[in-house]
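In UniProt numbering, the protein residues as written are 1 to 358.
Virtual Cβ for every residue (Gly too), placed ideally from N, Cα, C.
This report concerns only the one structure given below.
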Ligand SMILES: NC(=O)c1ccc[n+]([C@@H]2O[C@H](COP(=O)([O-])OP(=O)(O)OC[C@H]3O[C@@H](n4cnc5c(N)ncnc54)[C@H](O)[C@@H]3O)[C@@H](O)[C@H]2O)c1
Ligand SMILES: [Zn+2]
Ligand SMILES: [Zn+2]
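Below is the structure:
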């Protein structure tokens, strides 16, 4: 590429201050250094985690900063030592990386890479502690190693998953955070048995994907819980069979769910970021076997309080980043899951059109 090794000037949405509107600016993006890649971002979406760190309530603010971590793009150039990726590869950035060398990456049970796990307080590259973005020579901080609200961004190679080039990037970009997180929280972590009952707290993108995961796993009742009733109709398409709006009840939601399910749900997945919903999601699972999975990012000062007896009564509480998927190893397969469904739908449509033409 003609731009390899050179600074690229491009547009980026810069957050100058916490909670203030982003402004479109021309930024300079330095070339990738050792073990880094520079990616042309074609599509990016918004996840609640961006909003949370942009608001920066109760946090140590780090501004100016370029947010964005749910995206799809094409590799423009690669730095020294990068052998797995080449210019032209289609990729999804991931906010938590996979070095493939550390004990976590080598463990089948973890995706909490020692080197590249999510770090919201770091605004610079791991290699040299510097930012690759600048305006008039002044550095602009990165966000979770991705900063996708820019036409070009630089990432560590371990935070970039190479995917099938036939996958439509405008669709699969949402697999780079929210959808994989919710899906994995259900199928990899909650693991609802066939015929079980699952409660999903929060029906944003993450919660809808968690509902879809519960449906894929074979759950027969999927109860969506949200304070916003306008989410319910959409959630039906993702597998929710019933709904509870805590605002409609005077009793605690735990009790409402226990009464609906003869003692509690088999699994619950919390996708709100609200600590009260996290406590409810734990306390609503059935004693003896219930498992609750926390996905939402809580307020910095939030404290989870429950009576220890809830654990003694054989309820399990778990949490997950990125649905326990290993970004580089597993994300290409999540994209393939989507592609198989697209191809199957195409075949069904073709078969129907043949039937119709007879
Ligand atoms: N663990 C991870 O790897 C990971 C990855 C992505 C997102 N997240 C987090 O997951 C959460 C969901 O993300 P999203 O993009 O789907 O957010 P979203 O804002 O689109 O959806 C959240 C939903 O929760 C509902 N809600 C809020 N408080 C509630 C309560 N007390 N009871 C019931 N419902 C309530 C809201 O009405 C909303 O519909 C966020 O906290 C986000 O930061 C975590
Ligand atoms: Zn996200
Ligand atoms: Zn690692």
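Decide if the segment 47 to 64 is in contact with the segment 137 to 145; the criterion is three or more beta carbon pairs, one per stretch, under 8 Å apart. The count of Cβ pairs closer than 8 Å, one atom from the segment 47 to 64 and one from the segment 137 to 145, reaches three, so the stretches are in contact.
Looking at residue 84 and ligand 3, is the gap between the Cβ and the nearest heavy atom below 7 Å? No, Cβ of residue 84 sits at least 7 Å from all heavy atoms of ligand 3.
Less than 7 Å separating the Cβ of residue 201 from some heavy atom of ligand 1? The answer is yes for residue 201.
Just list the alpha helix (DSSP H) runs in the segment 59 to 115, keeping only unbroken ones of 4 residues or longer that don't cross its boundaries, in chain order. As far as the segment 59 to 115 is concerned, its whole alpha helix (DSSP H) runs of at least 4 residues are 103 to 106.
Sort 306, 42, 7 by Cα distance to residue 26 and report the nearest one. Residue 26 has its Cα closest to that of 7, out of 306, 42, 7.
Secondary structure of residue 153, DSSP reduced to three states: In the structure shown, residue 153 sits in a strand (DSSP, three-state: E or B).
Buried or exposed (CB count within 10 angstroms, at least 16 for buried), residue 148: Residue 148 counts as buried, since at least 16 other C-beta atoms from the protein chains shown sit within 10 angstroms of its C-beta.
Neighbouring residues (CB closer than 5 Å to any heavy atom of ligand 2): Those residues, listed in chain order, are 47, 49, 177.
With 16 as the cutoff for other CB atoms within 10 Å, does residue 266 come out buried or exposed? By the neighbour-count rule (16 or more Cβ atoms within 10 Å), residue 266 is buried.
Taking residue 190 as part of the alpha helix (DSSP H), name the residues at either end of that continuous run. Per DSSP, residue 190 belongs to no alpha helix (DSSP H) and is neither H nor E.
So what does DSSP say about residue 175, is it helix, strand or coil? It is helical.
For the beta strand (DSSP E) that residue 317 lies in, which residues bound it at each end? From DSSP, the beta strand (DSSP E) with residue 317 extends over 316 to 319.
Cβ of residue 330 within 7 Å of any heavy atom in ligand 3? Incorrect: residue 330 has no Cβ contact closer than 7 Å to ligand 3.
Using 8 Å as the threshold, is the C-beta distance between residue 292 and residue 282 below it? In contact: residue 292 and residue 282 (Cβ atoms closer than 8 Å).
For residue 210, which residues of its own chain have a beta-carbon under 6 Å away from its beta-carbon, when the five flanking residues on both sides are left out? So the qualifying residues of the chain are 182, 185, 186, 200, 269, 271.
What I want to know is whether the C-beta of residue 206 ends up closer than 7 Å to one or more non-hydrogen atoms of ligand 1. At least one heavy atom of ligand 1 lies less than 7 Å from the C-beta of residue 206.
Counting only the same chain and skipping the five closest in sequence on each side, list residues whose C-beta sits under 6 Å from that of residue 11. Hits under 6 Å: 24, 151.
With 16 other CB atoms within 10 Å as the buried threshold, where does residue 346 fall? By the 10 Å Cβ count, residue 346 comes out exposed.
Find the nearest neighbour of residue 103 within the set 112, 97, 95, judged by alpha-carbon distance. Among 112, 97, 95, the Cα nearest to that of residue 103 is on 112.
Quick check: the segment 204 to 223 against the segment 236 to 255, are at least 3 beta-carbon pairs closer than 8 Å? The segment 236 to 255, when compared against the segment 204 to 223, does touch it at the 8 Å Cβ threshold.
Could you spell out where the alpha helix (DSSP H) holding residue 336 opens and where it closes? Annotation for residue 336: the continuous alpha helix (DSSP H) segment containing it runs 327 to 357.
Helix, strand or coil at residue 278 [DSSP, three-state]: Note: residue 278 maps to helix in three-state DSSP.
Rounded separation between residue 329 and residue 161 - CA only: Rounded to the nearest angstrom, the two C-alpha atoms are 8 Å apart.
Beta-bridge partners of residue 198, as assigned by DSSP: BP columns for residue 198 point to 222, 267.
Evaluate the contact criterion for the segment 192 to 199 versus the segment 83 to 97: three or more CB pairs, one atom per stretch, below 8 Å. Touching, no, given that fewer than three Cβ pairs across the two stretches are closer than 8 Å.
Contact belief for residue 284 with residue 253 at Cβ below 8 Å, rounded distance in angstroms: Indeed they touch by this definition, with Cβ atoms about 7 Å apart.
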